[in-house]
Structures are given as C-alpha cells and as structure tokens.
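Chemist: Here you go, one structure.
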Amino acid sequence: MDTNDKGVRKIVDMITGFARSNSLFMLAYGTGCGDIEIPPAMTSRYDWERFGYRKMATPRQADVLLISGYLATKTLKRVIRSYEQMQEPKYVVAFGSCTINGGMYWDSYNTIKMLDHYIPVDVYINGCMPRPEAVMSGLFDLQEQIKKGEANGAQKYRENLEWYRGNQKKVIKNWVMPEYNW
Amino acid sequence: MEDILKLLGGAAATMLLAFVVGATYGGLVRKIIARTQNRVGPPWYQNFVDISKLYMKDTAVHHGVMQHIGPAFAITASVTVLMFVPVLREGGWFPWFENLNFKGDIIFLIYMMVFGSLGMALGIGQTGNPNASIGVSRGLSMMVGYEIPFVLSLVSVMVQTHTTSITGLMEWQTQNGWLMFEAPFAFITMLLAILGMFHYAPFDIAHAPSEIASGPPSEFGGKYLAMMMTSGSIFAFAKLVFLVDVFMNGASNLVMLVVKTLLLYMVPVLYGAVSPRYRTEQAIRYLWGWPVFFGIIALIYSIYI
Amino acid sequence: MNSLLLIILILLGGAILAYLAKRITPMLSSIVSFLAISSAAVVFFTMTSSTDVVTVSVRNFTLQFGLNAYSWVFAAMVMGISALVSLYNIAYMSGKDRLGYFNLNFTLAIMSMMGIVFANDWISFFIFWEIMTWSSFLIVVYNGIDEGKIGTKYMIFSAVGGYAMLMAIVITNSQIDSFLIADLINAYPTFGHGMQAMIGILFLIGFSVKAAVMPLHVWAPRAYSDSPMSFTAIFSGLLSKMGIFGMAIMFISVFSKASIGDTFIYSQVIAWLGGVTAVMATFYAVIQKDAKRLLAYSSIAQLGYIVTGLAIGTKLSVMSALFLAVIHALYKGILFMAVGAVERQAGSTNLEQLGALIRKMPWTFFSALIAAIALAGIPPLGGFVGKWMLYESMITSTNPSHLFLVILIFLSSTAAFLYVYRLLFGLFLGQEEPEWDHVKEAPAPMVIPMVLMALTLILLGYAPGLLFEPIANGMEFLGFENVGWQMSSLSNIWGDTVDMQYVWGSVVTLFVLGAIFITIKNRKSTRYVTTKDIHTSGEIPEAHENLTYAVDFYKPFERAIEPVMRKTMDFYYNHFGNGLESLFGFVRKIYTGNGQTYAMYVVIFLVILLLIGEQIFK
C-alpha cells in the first residue's frame with residue numbers, strides 16, 4: 183500500500199483524526215480557581231466521559247493539558263515541564279481570562295499575562311471562570327481542530343522553540359531545566 | 431512447518447478474539463461504573479479508540495531497555511496463557527487452527543499468570559519513578575494476598591477431580607456436572623479471590639490515580655501504554671475463560687462463552703463499583719481471612735467427598 | 206592411580222600449593238586454586254565412570270571410596286559449579302588480604318565435598334564432613350565481622366550436627382559391626398523400632414544442620430551473608446546440598462526399607478518442617494535490607510522446598526528435590542556471584558542505597574535476571590520444572606496432609622516474587638545516582654561464569670531431560686524402580702503433562718515478536734531519557750535528590766505479616782540458653798566449695814540411706 187497516495191492518506195488521516203479526537207486524555211493542571219470547574223464536568227452532572235474524555239494522572243499518558251487559571255511564574259516553570267514531558271501529539275487548553283490577558287492579575291508582579299507567549303495554546307476558553315458547559319464547548323472546538331488536523335501546537339512549539347524559550351527565560355529567573363525531550 | 435503455521439494462526443486468531451472481547455468488556459465496565467454513578471458513560475467501543483489513539487502517538491520515551499521491553503513481557507504472558515487455555519470446548523474453536531491446551535496444565539498457568547506482572551514490574555522499576563515503585567510494592571504484596579485463596583480453590587478442585595489439566599477438568603464436568611455446584615466452597619473461594627485478582631475496588635490501591643499518580647504505569651505513554659492496555663484486555667479475557675473452563679465447563683460456542691465470562695466478570699466489577707478502597711495490609715488480611723477459611727473448607731470437602 | 210583418589214589428591218595438593226603460592230604473589234594463590242579445581246573437574250568428567258570403587262587401607266583400618274549413579278549427580282554438580290566459581294574467585298578475591306588462608310580453605314572445602322560424595326563408609330564420610338565444617342568455619346570468620354557471634358553460632362550448630370551423626374555412626378557400628386553405608390541400608394529393617402527411630406533422628410539432625418532446616422537454621426543467615434561471596438556461592442549452593450545428599454540416602458534408601466515403611470512419621474514431620482522453613486525464611490528474606498542477607502534467607506527457604514520434596518518421598522517429589530538441588534546451586538550461585546560483583550564494583554550491597562546499575566553492569570544484570578526468574582519458578586526456565594514437579598507430587602499425593610502443605614509451599618513461592626523483585630530493583634533498577642557513576646562492569650573472569658550458568662538455566666528449561674537422566678539413574682540406584690523421564694515433557698501420576706518444548710517455544714517466540722514490534726514501532730521518534738526525567742508533578746529533581754522508593758520497600762506486606770514475625774528462633778534459643786544458665790546456676794549452688802556443706806551432704810546421704818536403704822537393698 184502506497185502511503186503517499188492521496189486517497190489512502192485521506193482515509194488514514196480520517197481514522198487518526200477520529201481516534202485522536204474521540205479519546206482525549208486530560209492532564210488537569212489545577213491552578214487558581216479554575217480547577218473547581220473540572221469536577222462538575224467529570225461527574226454525573228455533565229459527565230465528560232461520554233465524549234471519551236478521561237482524566238489521567240501523569241503527563242506521559244496525557245494528550246491535553248488543561249491550564250485552569252492564572253499562572254504565577256513559579257507555576258509556569260512546572261507547567262512548561264509537564265508540557266514538555268507529554269508525548270506528541272499534544273494540545274493545550276487554557277481556561278479563563280487570566281490565561282488570555284492576565285485578567286484580574288493584569289498588573290501583578292509575579293503572574294504571566296499571555297499564556298501563548300510561553301507554551302502554544304490550542305483553545306482558549308473565555309470567562310471568569312468558564313462554567314462546565316463552556317469548558318466542554320471549548321473541548322468540542324479542540325476535537326474539531328484535531329479532526330481537521332489544525333491542532334498542531336506541538337509542531338509550532340518545536341519550530342519556534344527559541345522564541346518560546348526566550349520568553350520563558352525572561353520571566354523565570356532561576357532557569358535550571360533539562361533540555362527539551364522530543 | 432504446517433503445524434507451526436497452524437499454531438501461529440491459532441495464536442493470532444485467538445489473540446484477536448481475546449482482544450476484541452476483552453476491550454469490549456473494558457468498555458462495558460466503564461459504562462457500568464458510570465451508570466452506577468448516575469452518569470451516561472463512554473460508548474462501548476471507547477477502549478478501542480483509546481488503544482488505537484495510543485498506538486498512533488507520534489513520540490515515546492523510555493528510561494532504559496527494561497522499560498522498553500517491559501510491555502513485551504506482559505503481552506507474552508497474556509498470549510501464552512491464552513494459548514494454553516481451551517477457549518471453546520471440543521477441540522478448539524476454528525477447526526483449522528490449533529490451541530496448545532494439551533501441552534500445559536493448571537499449575538503451569540498459575541505461574542504463567544504472574545510472569546507478566548513480574549516482567550512489567552521490572553520495566554516499571556527502571557523508570558525510577560517513586561510513585562510507580564510504590565505501586566509495584568503494593569501490587570506485588572497484594573498478589574501474595576489473593577494468590578493463596580486462588581491456589582487453595584484450584585488445588586481443591588484438582589484433588590476432587592483427580593486431574594490437573596484443564597481439558598481433564600472439562601471432561602470430568604461433562605460427566606459429573608459443573609464444578610461450580612460440585613465444588614461449591616472452591617467456587618466461593620474463587621469468587622472472593624478474583625475480587626483481588628482483577629484489581630477493581632476495594633483492591634485497587636496499587637493503581638490509585640489520585641494518590642500515587644496511577645502507580646505502575648505512570649511513566650508509560652504512547653505505544654508502551656497501548657501495549658499494556660492491549661495486554662490487559664487480552665489477559666482479562668484469558669483469566670475469565672480459564673475460570674469459566676474450570677468452574678462452568680467452558681463453553682461450546684462463542685455466545686455461551688460471552689454470557690458465562692460476562693456473568694463471572696460482573697462479580698468483581700459490580701462489587702468494585704460500590705466499594706471504597708482497602709489499604710494494602712487490610713487487603714492482604716482480608717484475603718487471608720474469609721477466603722482462606724472457605725478455601726480450607728473446600729480442600730477438606732474435596733478430600734473427604 | 207585410581208581417578209577418585211587422584212581427584213582428591215589434586216584438590217588437596219592444590220589447597221597446599223595455593224597456600225604456598227601466596228608467598229610469590231597473592232593473585233597466584235587464587236589461580237592455583239582455580240587450576241586445581243578445574244583440572245580435578247576435567248579428571249572427573251573424562252576419567253571416572255560411575256562404578257569406580259577404591260579401598261584405602263591404613264594399618265588395619267580400611268576406608269572405601271566409590272562412585273555410583275546417585276553420587277555422580279552431586280559430584281558432577283560440585284565439580285562443574287565449583288570450577289566456574291573458582292574462576293570467578295580469581296577476580297573477586299584479588300586485592301584482598303590473607304589469600305593463602307582463604308584459598309587453602311576454599312579448595313579444602315571443595316575437596317571435602319568430593320570426599321563426602323565419594324565416601325562409601327561412614328568413617329570417611331564423617332572425616333570429610335568435619336573437614337568441610339572446619340574449612341567453611343574458617344572462611345566464615347575470614348571477614349572478621351562479628352566473628353565471635355557468627356562463628357560461634359555456626360560452630361555450635363555444626364558440632365551438634367556432627368556429634369549427632371557420630372553418635373549414629375557409632376551406634377550403627379555397634380549393631381552391625383560395619384561402617385559401610387550399604388550395610389546400614391541392608392541391616393536397617395532388622396533393627397527394633399526404637400533403634401530405627403534413634404539412628405534415623407540422629408542422622409537427620411546431622412544432615413538438617415547443614416541443610417538449614419528449621420529449627421536448626423539459626424547459624425545460616427549470617428554465615429552465608431558474611432563470608433566472601435565467592436565462597437557463599439559454594440556455601441549455599443553446594444555445601445548445604447551435602448545435607449541434602451545425606452538426607453536423600455536416609456529418606457529413600459534407609460527409611461523406605463524399614464518395617465514402618467511409607468508412613469514413617471518422621472518424614473511427615475520433616476516435610477512440614479521444610480514447609481515452615483520455606484515460609485518463614487521467605488518472609489524474613491522479604492524484609493531484609495541487605496542483598497546478601499536477603500539471599501541468605503532465600504537459600505534457607507529454597508532448601509526448605511528441597512527437604513520437603515525429599516521427605517514426601519514419592520518418585521516425582523524426590524526427582525523434583527534432586528532437580529531443585531542442582532538448579533538451586535546454579536541460580537543461587539549466580540545470584541551470590543552477581544551480588545559479589547556488585548559489592549566489589551560498587552562497594553555496597555545495601556538495597557536501600559544502591560540503584561540503577563543495569564546500565565553499568567548489563568551482563569551481571571542479565572545473569573541475575575535469568576537466575577531470579579528461575580528462582581521465582583517462572584516458566585520457561587529450569588526453576589519452573591522443579592517447582593512444577595514438587596507441586597504435582599504434593600497434589601497427587603494420597604496423604605491429605607500434603608495437600609495443606611502445598612498451600613504453605615505456594616505461599617512461600619509467591620512471596621518469593623517479592624524478594625526477587627526487591628533484589629533486582631534494589632541493585633539494578635531505580636534512579637541513577639551520581640554516587641554510583643564510577644561503577645563499571647565486573648571483569649571478565651567474574652562475568653563469564655555467571656553468564657555460562659545463566660545459559661545453562663535457559664537450556665534446562667528447554668530440555669530438562671539433560672538433568673533428568675543422571676537423576677533418574679541415581680534414583681534407581683537409591684531404590685526406586687522405573688523412574689520414567691522424558692527429554693522435555695513433565696508428567697505426574699495422574700497422566701497430566703506439561704510440554705516444556707512448547708512452553709519454551711511459545712514464550713520465546715512471543716517475547717521476541719513483542720520486543721521486535723515495540724522496537725520498530727515509531728523507532729525514530731522513540732527516545733531514551735534519564736531517570737531524572739520523570740513525572741514529579743512538574744518539579745525538576747536535582748542531581749543529588751534521590752527519589753527511588755527503596756527504604757522499607759515492603760512496609761505494607763510487613764504490616765500484614767507482622768503477627769507471625771514477632772519472635773525469631775533466636776529468641777527461643779536465647780531463652781533456652783538462659784534456662785541452661787539458671788540450671789547451671791542452681792548446680793553451682795550445690796557445689797558451693799565450702800567443706801562444711803559437703804560434709805552436710807554426706808550426712809544427709811547417710812541419713813537417707815539409713816531410712817530407706819532397707820527397702821532398696823533387700
């Protein structure tokens with residue numbers, strides 16, 4: 183079978199897209215107030231398991247990194263570490279206005295304002311905080327992106343690593359991180 | 431040469447069947463647990479999607495050669511157990527494929543069943559993750575717990591029927607009726623032992639996700655995790671078929687097999703769905719309490735019947 | 206010259222030369238010892254036949270040596286393994302003190318074992334037995350750690366065993382006026398019940414001490430763990446098997462010919478003692494922190510299986526016991542050598558401190574892994590064959606007590622997975638520490654014997670018949686008839702079989718296929734990362750931070766088995782000792798050393814005599 187053939191390629195992409203989008207293993211990075219929105223989304227009220235979402239315990243197993251709120255610079259370091267430990271393809275979903283523009287922390291001296299200066303974000307969910315419905319709607323968007331093959335944040339990160347590293351090192355003073363693992 | 435091809439064909443076909451049924455059972459279990467928690471739950475095919483997605487992951491990391499081949503140990507054990515267990519009664523289930531059920535016996539299977547966990551444990555050990563090692567310590571300790579009632583039950587069955595091969599047991603049952611009723615105490619012991627064997631609650635402390643970050647598999651991702659899940663699905667099915675063969679005279683067609691294995695599987699699943707979690711030493715003491723008591727009664731019953 | 210005497214003389218000469226060679230250069234001493242042992246092995250495997258008999262007369266006293274099918278098994282085991290171990294010994298002992306002293310005793314111990322298996326009469330048996338005890342005692346105290354305590358314990362128990370045996374030999378001689386082993390076997394049924402029991406028990410005590418059966422095992426853990434590892438490989442692997450060697454003669458040739466026959470109660474007792482030994486020693490092995498100590502307890506446990514197998518006394522169980530005896534010498538030899546290699550290269554055997562030596566010592570790890578799998582009895586290696594036969598012989602036994610015993614044995618061998626894993630994990634797996642960066646693979650003379658023995662274990666899993674053949678011949682010599690065996694198929698008396706060829710084939714095939722699949726899948730994007738790169742909730746562990754979970758590894762298990770672990774056998778022996786002390790204290794009160802008290806005793810004695818004398822001397 184010629185894998186470069188267009189028709190074959192299309193079918194393979196469809197299958198991969200289906201499998202990847204319908205089985206999202208989440209690593210919830212519960213910072214700030216956003217983490218409290220995840221339990222209702224998981225449990226019987228909204229039950230996100232019916233869409234194939236599942237909470238995983240470690241970055242090695244996970245596909246999606248949920249950043250649920252503001253990030254202090256100390257926390258950012260851990261987020262970057264967790265993100266880099268995930269296996270590709272990997273996606274980032276950021277909750278709330280804090281991750282978009284700093285939100286109520288916009289003039290804080292130790293939180294970052296725009297998350298996608300530091301790691302590539304695939305989906306932002308607006309709100310302060312977004313309700314579980316909003317969270318799930320954001321995840322639907324992510325599923326759509328994965329199906330279309332547009333959710334390629336990891337690739338972006340790899341290609342623009344220097345830029346990201348520069349931004350990261352700007353806010354993280356004591357940078358003692360191992361090199362990136364592909 | 432033809433024999434080897436038949437064997438390989440048998441292995442592949444049995445493996446495929448076991449994987450399909452085992453993964454479907456996994457999906458059903460998730461659905462059942464979801465329903466008991468008043469949720470809708472994932473579709474029944476969710477495990478297939480999960481496993482195929484994990485195989486499609488682009489990258490994978492390992493911490494050394496033992497972690498790299500750890501999942502190979504697991505899948506070896508699962509498929510070997512499956513190969514030596516008669517899946518269907520009356521000489522295999524596809525006339526043109528062969529199973530190896532005349533080449534091994536129950537003691538061999540008991541040992542083969544721990545091969546995978548020990549091999550996996552070595553792989554897990556190499557990751558150097560403390561959570562994983564804690565999980566291994568708990569899992570192996572618990573294994574000593576459930577293995578005793580498990581063996582007691584099997585020994586009493588073997589003594590009662592005067593055979594140690596599974597095919598022999600099935601012949602005996604064809605003549606004398608199911609061992610489930612002929613050796614009731616052994617069956618009770620086995621039911622209690624499989625609560626521990628399938629690692630559902632209350633015996634799931636080895637894999638506690640929110641306490642030790644899912645324990646043993648915490649450093650496994652991508653193809654490694656996929657292989658572990660594949661092996662787990664096959665192994666669950668193999669164990670169930672083994673138990674059905676021993677206590678319910680196997681099955682003569684696939685429908686009966688599915689019905690019987692599913693009924694048996696519901697025991698640990700339903701018990702687990704409504705249970706909290708034991709600590710390791712509590713679990714061991716529980717398994718060495720009533721199950722062993724029933725096991726000893728079973729052994730005495732089998733000697734003096 | 207007769208080849209049997211030649212072997213003993215080569216070893217004796219080698220021992221003396223090894224002692225002298227130390228003066229030239231210490232390394233030469235080990236080399237001489239290796240040369241002597243390996244040339245003795247060559248002589249043994251090429252020149253002896255299993256019917257050799259030779260008589261040595263000293264004045265009017267004759268000693269008879271001979272080789273038979275049964276002792277051939279043990280002699281071959283001793284020669285083969287000790288030749289490999291003495292190669293290991295060259296590298297392991299290089300740079301240590303008092304090599305002449307060590308190698309003298311090392312070679313003497315091997316000579317004495319050959320003497321024991323060659324002995325046809327009890328006198329030479331006893332002489333070599335004592336040489337073995339003494340030479341091993343001198344090595345036990347070689348390291349000089351706690352020698353007072355360990356050496357004394359070993360000496361006392363060996364002396365108890367030796368004297369029990371000597372007494373049995375003398376009693377036998379007074380009954381039949383012959384020292385020949387064959388004469389005892391023939392005459393045993395003619396003895397009275399009391400005499401049969403006494404001789405049996407005395408011999409069994411003598412052999413049980415060496416085989417470390419509970420409650421005579423107290424000396425073993427420290428003696429095994431505190432000798433140099435190259436000797437412990439011999440000590441636990443071969444020396445303890447001399448107890449098994451004697452025990453098998455007693456159980457099979459002697460007792461089964463007795464009038465009480467199969468229902469001989471002592472074999473039941475010994476079988477259960479073996480089972481209890483196996484369980485308790487395994488539990489102790491699980492909670493050890495030191496690799497050597499862990500293996501020492503594990504040896505005791507494994508010997509428990511062998512003793513149980515012998516004591517059950519059916520064809521299959523004796524076969525399994527002898528098979529396990531050989532296999533145990535192989536895998537425990539490997540494990541002790543591997544731990545010795547780690548000790549030499551890293552300078553520690555503490556399971557809580559060491560870790561991640563797998564990348565530094567891959568060959569040692571490979572052999573230890575194979576040995577550990579065999580020890581755990583996991584198919585398809587040789588260890589499984591022995592375990593399988595033991596279980597089947599107990600399950601098919603007509604004696605109900607064996608069915609409960611099998612649970613004990615199962616408990617022990619399941620718990621054995623725990624310590625096997627602990628050993629491999631503690632030494633070779635876990636986080637890589639900068640502390641152990643300097644460790645290198647052991648030198649070739651240490652690695653080659655281990656790998657060779659590991660390959661033997663793999664081979665014996667495929668074709669256990671290679672070992673069944675001599676064992677079956679030996680059992681036929683001991684008195685079994687028609688010991689059936691097949692090259693790669695095991696069967697029990699109910700006719701159920703396990704085909705090792707298929708088992709081996711399917712396990713190896715599947716494993717290779719699985720390993721190939723997981724390797725070629727995404728091969729290019731699969732990366733190796735260090736063990737510091739693990740999920741730690743985003744935290745980055747620094748180089749000096751040790752995250753390995755190794756301290757109190759089996760704490761939960763310890764808590765679960767805590768009720769049975771409260772009192773050790775030492776506790777009872779200490780109480781026994783205290784009891785004796787107070788008894789002696791009481792005796793001291795009688796012998797005050799005061800003349801007046803003695804005078805009073807005389808008076809009291811006379812008064813008693815006067816009062817009741819008439820009734821006594823009527």
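First to last, the sequence lines map onto chains A, B and C. Take the first sequence: its letter number 94 is residue 276 in this note's numbering, and every next letter is one higher. Take the second sequence: its letter number 161 is residue 591 in this note's numbering, and every next letter is one higher. Take the third sequence: its letter number 533 is residue 738 in this note's numbering, and every next letter is one higher. For each residue, glycine too, the CB sits at the ideal point set by N, CA and C.
1) Can you give me the C-alpha to C-alpha distance between C:Ile390 and C:Asp257, rounded to a whole angstrom?
2) Return the Cβ separation of C:Thr312 and C:Ser238 in integer angstroms, given the expectation that the two are a contact with Cβ distance under 8 Å.
3) Could you give the DSSP three-state label for C:Thr437: helix, strand or coil?
4) Exposed or buried, C:Ser379, counting other C-beta atoms within 10 Å across all chains shown (16 or more means buried)?
5) So, using beta-carbon positions, are C:Thr736 and C:Ala551 closer together than 8 Å?
6) So with CB distances below 8 Å, who are the chain B contacts of A:Gln243?
7) Find out if the Cβ-Cβ distance for the pair C:Ser824, C:Ile344 is shorter than 8 Å.
8) Got a sec: which bits of the region 733 to 763 of chain C sit with their beta carbon under 9 Å from any beta carbon on chain A, in order along the chain?
9) Going by DSSP, name the residue or residues bridged to A:Met208.
10) Distance cutoff 8 Å, beta carbons only. Does A:Thr240 sit that close to anything in chain B?
11) For B:Gln712, which of helix, strand or coil comes out of DSSP?
12) Out of curiosity, what's the CA-to-CA distance linking B:Met572 and C:Leu556?
13) Mind checking whether A:Lys259 and A:Ala336 have CB atoms under 8 Å apart?
14) Can you give me the Cβ contacts of A:His299 inside the same chain, cut-off strictly under 7 Å, excluding the 5 residues immediately before and after it?
15) For C:Ile439, which of C:Met252, C:Leu715, C:Thr603, C:Ser341 has the nearest alpha-carbon?
16) Verify the CB distance criterion: does B:Gln377 have a CB-CB separation below 8 Å to chain A?
17) To which residues of the same chain is C:Val289 closer than 7 Å at the C-beta, ignoring the five residues directly before and after it?
18) Going by beta-carbon coordinates alone, are B:Val459 and B:Phe672 separated by less than 8 Å?
19) Can you check the region 570 to 608 of chain C for any beta strand (DSSP E) of at least 3 residues that lies completely inside it and give the ranges in chain order?
20) Spell out whether any CB of chain B is found under 8 Å from the CB atom of A:Ser226.
21) Candidates C:Leu814, C:Gly480, C:Ala314: which alpha carbon is nearest C:Ile614's?
22) Which residue marks the beginning of the alpha helix (DSSP H) containing A:Gln327, and which one marks its end?
23) Counting Cβ pairs closer than 8 Å, one from the region 341 to 348 of chain A and one from the region 310 to 320 of chain A, do we hit at least three?
24) What residues from chain A crowd round B:Gln467, counting only those whose CB sits closer than 7 Å?
25) Give a yes or no on contact between the region 718 to 728 of chain B and the region 578 to 597 of chain B, applying the rule of three or more CB pairs nearer than 8 Å.
26) Assess contact between the region 515 to 528 of chain C and the region 630 to 637 of chain C, defined as three or more Cβ pairs (one per stretch) separated by less than 8 Å. Is contact present?
27) What residue ranges within the region 298 to 341 of chain C form continuous alpha helix (DSSP H) runs of no fewer than 4 residues, ordered along the chain?
28) Shorter than 8 Å from the beta carbon of A:Trp357 to some beta carbon of chain C?
29) In the structure shown, what three-state DSSP assignment does C:Thr260 receive?
30) Examine chain B for any beta-carbon lying closer than 8 Å to the beta-carbon of C:Leu527, and answer yes or no.
31) Quick check: C:Trp477 and C:Pro585, are their CB atoms within less than 8 Å of each other?
32) Using beta carbons (cut-off 8 Å, strictly below), is B:Pro639 in contact with chain A?
33) Please report how far the alpha carbon of C:Ile328 lies from the alpha carbon of C:Met594, in whole angstroms.
34) Should B:Tyr731 be flagged as near chain C, meaning a C-beta pair shorter than 8 Å?
35) Per DSSP, what kind of secondary structure is B:His492 in: helix, strand or coil?
Modeler: Let me spell this out:
1) In the third sequence, residue 390 of chain C corresponds to position 185, counting from 1. In the third sequence, residue 257 of chain C corresponds to position 52, counting from 1. Rounded to whole angstroms, C:Ile390 to C:Asp257 spans 20 Å at the Cα level.
2) For this step, residue 312 of chain C is matched to residue 107 along the third sequence. For this step, residue 238 of chain C is matched to residue 33 along the third sequence. About 5 Å; that satisfies the 8 Å criterion.
3) As a working note, residue 437 of chain C is residue 232 in the third sequence. Under the three-state reduction of DSSP output, C:Thr437 falls in the helix class.
4) Against the third sequence, residue 379 of chain C aligns to sequence position 174. So C:Ser379 counts as exposed.
5) Along the third sequence, one-based indexing puts residue 736 of chain C at 531. Along the third sequence, one-based indexing puts residue 551 of chain C at 346. Taking 8 Å as the Cβ cut-off, C:Thr736 and C:Ala551 do not qualify as a contacting pair.
6) Residue mapping note: residue 243 of chain A aligns to position 61 of the first sequence, counting from 1. Neighbours of A:Gln243 on chain B, chain order: Ser644, Pro647, Ser648, Phe650, Gly651, Leu655.
7) Look at the range of chain C in this structure, 206 to 823, and you will see that residue 824 of chain C is not part of it.
8) Listed by position along the chain: Val734, Thr735, Lys737, Asp738, Ile739, His740, Thr741, Ser742, Gly743, Glu744, Ile745, Glu747.
9) Walking along the first sequence from the start, residue 208 of chain A turns up at place 26. A:Lys237, A:Val246, per the DSSP bridge assignment.
10) By one-based count along the first sequence, residue 240 of chain A stands at place 58. Contact with chain B is found for A:Thr240, since one of that chain's Cβ atoms lies less than 8 Å from the residue's Cβ.
11) Counting from one through the second sequence, the residue named residue 712 of chain B turns up at place 282. Here B:Gln712 sits in helix by DSSP.
12) Working through the second sequence from its first residue, we reach residue 572 of chain B at position 142. Working through the third sequence from its first residue, we reach residue 556 of chain C at position 351. C-alpha separation (whole angstroms): 22 Å.
13) Looking up residue 259 of chain A in the first sequence gives position 77. Looking up residue 336 of chain A in the first sequence gives position 154. With contacts defined as CB atoms closer than 8 Å, A:Lys259 and A:Ala336 fail to qualify as a contacting pair.
14) The residue labelled residue 299 of chain A in the question sits at position 117 within the first sequence. If we look at A:His299 and ignore the five residues flanking it on each side, its Cβ neighbours are Asn349.
15) Against the third sequence, residue 439 of chain C aligns to sequence position 234. That would be C:Ser341, whose Cα lies nearest to the Cα of C:Ile439.
16) Any property of residue 377 of chain B remains undetermined from this structure, which presents chain B solely from 431 to 735.
17) The sequence position of residue 289 of chain C within the third sequence is 84, counting from 1. Note on residue identity: the sequence assigns Leu, not Val, to residue 289 of chain C. Within the same chain, and ignoring the five residues on either side of C:Leu289 in sequence, the residues whose Cβ sits closer than 7 Å to its Cβ are Pro654, Leu657, Met658.
18) Walking along the second sequence from the start, residue 459 of chain B turns up at place 29. Walking along the second sequence from the start, residue 672 of chain B turns up at place 242. Result no, Cβ atoms of B:Val459 and B:Phe672 do not sit closer than 8 Å.
19) Counting whole runs of 3 or more residues, the region 570 to 608 of chain C contains no beta strand (DSSP E) stretch at all.
20) The sequence position of residue 226 of chain A within the first sequence is 44, counting from 1. For A:Ser226, the answer is yes, since a Cβ of chain B falls inside 8 Å of its Cβ.
21) Here residue 614 of chain C refers to the residue found at position 409 when the third sequence is read from its first residue. Proximity to C:Ile614 across C:Leu814, C:Gly480, C:Ala314 peaks at C:Gly480, based on C-alpha coordinates.
22) Counting from one through the first sequence, the residue named residue 327 of chain A turns up at place 145. Taken as a continuous stretch (DSSP letters only), the alpha helix (DSSP H) holding A:Gln327 covers 314 to 330.
23) With the cut-off at 8 Å, the region 341 to 348 of chain A and the region 310 to 320 of chain A do not touch.
24) Residue 467 of chain B sits at position 37 when you count from the first residue of the second sequence. What B:Gln467 touches in chain A: Ser226.
25) Between the region 718 to 728 of chain B and the region 578 to 597 of chain B, the count of Cβ pairs shorter than 8 Å is three or higher; the stretches touch.
26) Output reads no: the region 630 to 637 of chain C does not touch the region 515 to 528 of chain C.
27) Correct list: 304 to 323.
28) Mapped onto the first sequence, residue 357 of chain A falls at position 175. False, the Cβ-Cβ gap to chain C never drops below 8 Å.
29) As a first step, residue 260 of chain C is located in the third sequence; it is residue number 55 there, counting from the start. Residue state, collapsed to three classes: strand.
30) Here residue 527 of chain C is taken as the residue at index 322 of the third sequence, counted from 1. Interface residue (Cβ-Cβ distance to chain B less than 8 Å): C:Leu527 is not classified as such.
31) In the third sequence, residue 477 of chain C corresponds to position 272, counting from 1. In the third sequence, residue 585 of chain C corresponds to position 380, counting from 1. Not closer than 8 Å, so no.
32) Numbered from 1 along the second sequence, position 209 holds the residue referred to as residue 639 of chain B. Output row for B:Pro639: interface = yes.
33) Numbered from 1 along the third sequence, position 123 holds the residue referred to as residue 328 of chain C. Numbered from 1 along the third sequence, position 389 holds the residue referred to as residue 594 of chain C. Straight-line Cα distance between these residues: approximately 35 Å.
34) Counting from 1 along the second sequence, the entry for residue 731 of chain B is found at position 301. Judged by the 8 Å Cβ criterion, B:Tyr731 is not in contact with chain C.
35) The residue you call residue 492 of chain B lines up with position 62 of the second sequence. Strand, per DSSP.
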